[in-house]
Amino acid sequence: MKKFQIAAIPGDGIGKEVVPAAIDILEAVSDLHGGLSFEFTDFPYSCEYYLEHGVMMPDDGVERLKDFDSIFLGAVGNIKLVPDHVSLWGLLIKLRREFEQVINIRPAKIIRGIKSPLVNPKDFDLIVVRENSEGEYSEVGGRIFRGEDEISIQNNIFSRKGTERAMRYAFDLASKRKKHVTSATKSNGIVHTMPFWDEVFEDVAKEYPDIQTDSQHIDALAAFFVTRPEKFDVIVGSNLFGDILTDIGAAIMGSVGIAPAANINVNGKYPSMFEPVHGSAPDIIGKGIANPIGQIWTAKMMLDHMGEEEIGTVLLDVVESVTNDGIITPDIGGKYTTQEVTAEIINRLKAKA
Ligand code: NAI
Ligand code: MG
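If you're matching positions, the sequence shown starts at 1 in UniProt numbering and goes up one per residue.
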């Protein structure tokens, strides 16, 4: 019997609606699979917690979370209570940094029954591996003078270790998929870090002779995500390029409400954190219509990470059978509630037992 300890942080807004739904699904998954069980521990860290305690998470929050197998997070942010930079940096970004979650992965694929905004989309299935700890999102730089003479400088940080780590992750992932890695570069315009990025990519590629590669400039690549996403398998990008590509990935699937993500700790020292791409969706809180699929697909990524890929695949198949039958929430053109979609997925999972 494999038992996984999971820290659940629903957070704010619809996080409190979709995390319980996805936990019900995971319980159903464990019933389906005799050898697997989960123990969930809830943590109330959120903007409401901030109002009461003056912090998003207690000082020993990291200590309390560090021994869990995974962190399962909903969404963070409620600008009516706490400014976004305080809530995001006090919880989400803090956890990503403290737990050395140096890789962010986001898949995008056609989900049956969900309409892509692309006209006649082919059956794409890609995954972006984003370097999550350095690159363009560094704190090195500054501003000098004010007014007409003002100068601002922001340095990009690309370490060999960090770059290799992201690329190896991409190649390992590709070896379990369609065996192709595309590198997002811009070495024609960014003349120090991007040629370095290209060199590291070539070096790492030599370690994986079975994997095909290509390298594309980020501007063209972004366009290809729209015009021919079916040509891609795994794409590896820097922090900024990965960020931009993953938003396009979510957009071409049809709704931010279905897009999943994982922040991966690769050294095994700390838990990885699984969270959907969407935020707390203040405009639909309490209406019972939040799309639970982003959070449920995120749960599937957590299963994959735990080595339970087979059951993860079954789960996503069941989700697609439900969407394909039109049992979907209003954001993707349906009339069903969070509860109804979740219940239908659970029923169909049970039917598989
Ligand atoms: P958002 O993703 O919360 O909402 C954008 C739009 O998508 C809204 O119209 C919302 O109703 C819709 N939407 C999002 N998820 C949905 C779902 N599951 N089902 C149906 N519709 C869904 O982004 P927004 O409005 O920019 O941010 C709201 C708050 O969330 C802010 O405080 C922001 O900082 C925070 N945020 C947090 C993130 C995180 O925790 N990772 C990511 C993005 C935003
Ligand atoms: Mg983004």
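For every residue, glycine included, the Cβ atom is placed at its ideal position computed from N, Cα and C.
Residue range 309-324 is occupied by the alpha helix (DSSP H) that includes Ile311. Listed as beta-bridge partners of Lys16 by DSSP are no residues whatsoever. For Leu51, same chain residues with a beta-carbon under 7 Å away, outside a window of 5 residues either side, are Leu81 in chain order. From the listed residues Phe171, Met1, Pro117, Met301, the smallest Cα separation to Phe225 is found for Pro117. Counting along the chain, the unbroken beta strand (DSSP E) around Val236 starts and ends at 234-237.
Ranked by Cα distance from Gly113, the options Leu240, Met253, Thr338, Lys287 are led by Met253.
The three-state reading of DSSP puts Glu98 in helix, counting H, G and I together. Secondary structure at His53: helix, using DSSP grouped into helix, strand and coil.
Under the DSSP definition of a beta bridge, Ile151 partners with Ile144.
Annotation for Ser321: Arg348 place their beta carbon closer than 7 Å to its own, counting only its chain and skipping 5 residues before and after. Secondary structure at Thr298: helix, using DSSP grouped into helix, strand and coil.
In the displayed model, Ile190 falls within coil according to three-state DSSP, outside both helix and strand. Rounded to the nearest angstrom, the gap between the Cα atoms of Leu221 and Ser255 is 21 Å. The nearest non-hydrogen atom of ligand 1 is less than 6 Å from the C-beta of Val256. Comparing alpha carbon positions, the residue from Val236, Lys300, Ile327, Ile71 closest to Leu315 is Lys300.
Nearest to Val19 by C-alpha distance, out of Ile296, Asn239, Leu32, Ala108, is Ile296. Close CB contacts of Ala261 within its chain, under the 8 Å cut and outside five residues either way in sequence, are with Asn104, Ile105, Arg106, Thr246, Phe274, Glu275, Pro276, Val277, Thr298, Met301 (chain order).
Taking Tyr137 as reference, the option from Lys352, Gly312, Ser238 with the minimal CA-CA separation is Ser238. Gly333 sits away from Gly294, with the two beta carbons spaced by 7 Å or more.
Under the three-state reduction of DSSP, His278 is assigned to coil, being neither helix nor strand. The bridge partners DSSP lists for Gly135 are Ile157.
In this structure, the alpha-carbon of Tyr208 lies about 7 Å from that of Phe171. Ligand 1 approaches His278 closely enough that one of its heavy atoms is under 6 Å from the residue's Cβ. If you look at Leu221, you'll find it in the alpha helix (DSSP H) that goes 218-227.
Its chain contains Ser255, Gly257, Asn291 as the residues whose beta carbon lies nearer than 7 Å to that of Asp331, once the 5 sequence neighbours on both sides are disregarded; these appear in chain order.
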